[in-house]
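Engineer: Here's a structure for you.
Protein chains: 2
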Amino acid sequence: MQSQSILKEHLAKTASLTQEEFEYLFAHFKPLSLKKGQMVIREGDKVDHEYFVLSGCLKAFFINDEVKMHILQFAMPTWWTSDYHALYSQTRATINVDCISDAELLSLSNADREKLCREIHQVEYFFRWRTNKGYVAAQKRLLSFMNDDAKTRYEELLQMYPQLHQLVPKHLIAAYLGVSRETLSRLYSTR
Amino acid sequence: MQSQSILKEHLAKTASLTQEEFEYLFAHFKPLSLKKGQMVIREGDKVDHEYFVLSGCLKAFFINDEVKMHILQFAMPTWWTSDYHALYSQTRATINVDCISDAELLSLSNADREKLCREIHQVEYFFRWRTNKGYVAAQKRLLSFMNDDAKTRYEELLQMYPQLHQLVPKHLIAAYLGVSRETLSRLYSTR
């Protein structure tokens, strides 16, 4: 029941669904309990689902040819995550998603999301605005990568994820910022 | 009439609108003829519109404290552009948009887009998928900024905008890639 109320509250911030519509929608989500370190999406996988985080924290990342990890996104409670490029274009995953901590998720298939969007106009409205916000966040991160120094990007990251240091080990924060652990320690100590 | 058919064809790639629905929608767009160098959005402006490019080419950019220009997006025919952060959150512009060449645009207000999305479910579907694609493109550019060298980013840019060299002067291509003009000349000559 708790997962239902978390999703319901999340949707209600954007869209107006009747109780009946919400229950119909909710029936399309599948609960997943995952352990720290478990993979949700692996590079090369067929990607058919997106994931709503109920508890815990995930990361979307890739490892480059020099075995360096780049983190695209941390996914905290009430965030959505997937390899959206692969999901939307029905191609193979080019990134990985795994659990930084034990996590409870709700998964929704691509086909069910499209069906729900067709059937309930307010669901389509919800997903449009969810992606609008994601688009703006991705552009903001891009601008920040182009222009800001590591210190500014670190401050922005803490603004976006205030519970970051409780949830995410330091080496992953460094991988998100694209700096070494030594640089991160320096930023951390000068706050 | 030509602008109507360009927009109609663009929408038809994603959504199914009746002729009557399309004409109703089209009546909400306003044509704009702009000259090379004219500003569409200026940092600090209130942003109430987004723009569909019929012809010509625009750039979305900002100038940092060291007077260095960063280019977020080139907008070619059938692309949409605005300061989406400002538009969606109804805050002041943090970027600029101007014309690289003479350009014909169709503008749509924020209020009209929301009204049309409410009134016609397929319009909401269209805008959801437009943003989905924009989101994936922004994430791809971010990954590329994190990981790829200038040469790879240059090749990706040419794939995305095959007519780039006809439409955009070299110093703007360099500003998009975040490299000097000398580096760009080297990339250009080694293709």
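In order, the protein sequence lines correspond to chains A and B.
Following UniProt numbering, the numbering of the first sequence begins with 1 at its first residue and continues without gaps.
Following UniProt numbering, the numbering of the second sequence begins with 1 at its first residue and continues without gaps.
Cβ atoms here follow ideal geometry from the backbone N, Cα and C, with glycine treated the same way.
Predicted model only: the values in this text are computed from it and were never measured.
Have a look at PRO162(B), GLU119(B), THR183(B) and LYS170(B) and flag the residue whose alpha-carbon is nearest the alpha-carbon of ASP149(B).
Structural biologist: One-based indexing of the second sequence puts residue 149(B) at position 149. ASP149(B) has its Cα closest to that of THR183(B), out of PRO162(B), GLU119(B), THR183(B) and LYS170(B).
Engineer: Okay, do the stretch 18–26 of chain B and the stretch 115–129 of chain B touch, 3+ Cβ pairs below 8 Å being the bar?
Structural biologist: Yes: the two stretches touch, three or more of their Cβ pairs being nearer than 8 Å.
Engineer: Touching or not, the stretch 160–175 of chain B and the stretch 170–188 of chain A, by the rule of three or more beta carbon pairs under 8 Å?
Structural biologist: The stretch 160–175 of chain B vs the stretch 170–188 of chain A: no contact.
Engineer: Could you spell out where the beta strand (DSSP E) holding ASN96(B) opens and where it closes?
Structural biologist: In the second sequence, the residue the question calls residue 96(B) occupies position 96. Taken as a continuous stretch (DSSP letters only), the beta strand (DSSP E) holding ASN96(B) covers 96–99.
Engineer: Return the Cβ separation of ALA15(A) and TYR84(A) in integer angstroms, given the expectation that the two are a contact with Cβ distance under 8 Å.
Structural biologist: Start at 1 with the first residue of the first sequence, and residue 15(A) comes out as number 15. Start at 1 with the first residue of the first sequence, and residue 84(A) comes out as number 84. Actually they are not in contact, since the Cβ atoms of ALA15(A) and TYR84(A) sit about 20 Å apart, beyond 8 Å.
Engineer: Check the DSSP bridge columns for MET146(B) and list the partner residues they point to.
Structural biologist: Counting from 1 along the second sequence, the entry for residue 146(B) is found at position 146. Bridge partners of MET146(B): none, in fact.
Engineer: 9 Å is my cut-off, CB to CB: does ASN132(B) come that close to chain A?
Structural biologist: Position 132 of the second sequence, counting from 1, holds the residue named residue 132(B). Judged by the 9 Å Cβ criterion, ASN132(B) is in contact with chain A.
Engineer: Sort out for me which residues DSSP pairs ILE63(B) with in a bridge.
Structural biologist: Here residue 63(B) corresponds to residue number 63 of the second sequence, with the count starting at 1. ILE63(B) pairs with MET69(B).
Engineer: Taking the alpha-carbon of HIS28(A) as reference, which of ALA75(A), GLN2(A), LYS35(A) and LYS115(A) has the nearest alpha-carbon?
Structural biologist: Residue mapping note: residue 28(A) aligns to position 28 of the first sequence, counting from 1. That would be LYS115(A), whose Cα lies nearest to the Cα of HIS28(A).
Engineer: Along chain B, in chain order, which residues have C-beta atoms closer than 7 Å to that of VAL136(A)?
Structural biologist: Taking the first residue of the first sequence as 1, we reach residue 136(A) at position 136. Going along chain B in sequence order, the residues near VAL136(A) (Cβ under 7 Å) are TYR84, HIS85 and TYR88.
Engineer: Buried or exposed: which applies to GLU155(A), given that a residue is buried once 16 or more other Cβ atoms fall within 10 Å of its Cβ?
Structural biologist: Here residue 155(A) is taken as the residue at index 155 of the first sequence, counted from 1. So GLU155(A) ends up on the exposed side.
Engineer: Hey, PRO31(A) and LEU106(A): beta-carbon distance below 9 Å or not?
Structural biologist: As a first step, residue 31(A) is located in the first sequence; it is residue number 31 there, counting from the start. As a first step, residue 106(A) is located in the first sequence; it is residue number 106 there, counting from the start. Yes; because the gap between Cβ atoms is below 9 Å, this pair is in contact.
Engineer: Do LEU7(B) and LEU54(B) have their CB atoms nearer than 9 Å?
Structural biologist: Translated into the one-based positions of the second sequence, residue 7(B) becomes position 7. Translated into the one-based positions of the second sequence, residue 54(B) becomes position 54. Yes. Within cutoff.
Engineer: Across which residues does DSSP place TRP80(B) in a beta bridge pair?
Structural biologist: In the second sequence, the residue the question calls residue 80(B) occupies position 80. DSSP, once it has assigned bridges, lists PHE52(B) as partnering TRP80(B).
Engineer: Could you list which residues in chain A have their beta carbon closer than 9 Å to that of ARG113(B), in chain order?
Structural biologist: As a position in the second sequence, residue 113(B) is number 113, starting the count at 1. None at all; the shortest Cβ gap to chain A is about 10 Å.
Engineer: Between LYS59(A) and ALA93(A), is the Cβ-Cβ spacing less than 9 Å?
Structural biologist: Counting from one through the first sequence, the residue named residue 59(A) turns up at place 59. Counting from one through the first sequence, the residue named residue 93(A) turns up at place 93. Not in contact: LYS59(A) and ALA93(A) (Cβ atoms no closer than 9 Å).
Engineer: Quick check: what's the CA-CA separation for MET76(B) versus GLY37(B)?
Structural biologist: The residue given as residue 76(B) occupies position 76 in the second sequence. The residue given as residue 37(B) occupies position 37 in the second sequence. Going from the Cα of MET76(B) to the Cα of GLY37(B) covers about 15 Å.
Engineer: Over the uninterrupted beta strand (DSSP E) stretch that includes LYS30(A), give me the two end residues.
Structural biologist: The count along the first sequence starts at 1 and reaches residue 30(A) at position 30. Where LYS30(A) is concerned, the enclosing beta strand (DSSP E) stretches over 30–34.
Engineer: Can you tell me which of the three DSSP states ALA93(A) falls into?
Structural biologist: Here the question's residue 93(A) lines up with position 93 in the first sequence. ALA93(A) falls in the coil class under three-state DSSP.
Engineer: Measuring straight from C-alpha to C-alpha, what distance separates THR81(A) and PHE52(A)?
Structural biologist: Here residue 81(A) corresponds to residue number 81 of the first sequence, with the count starting at 1. Here residue 52(A) corresponds to residue number 52 of the first sequence, with the count starting at 1. For THR81(A) and PHE52(A), the distance between alpha carbons rounds to 7 Å.
Engineer: Three-state secondary structure (DSSP) at LYS13(A)?
Structural biologist: Residue mapping note: residue 13(A) aligns to position 13 of the first sequence, counting from 1. DSSP places LYS13(A) in coil when its eight states are reduced to three.
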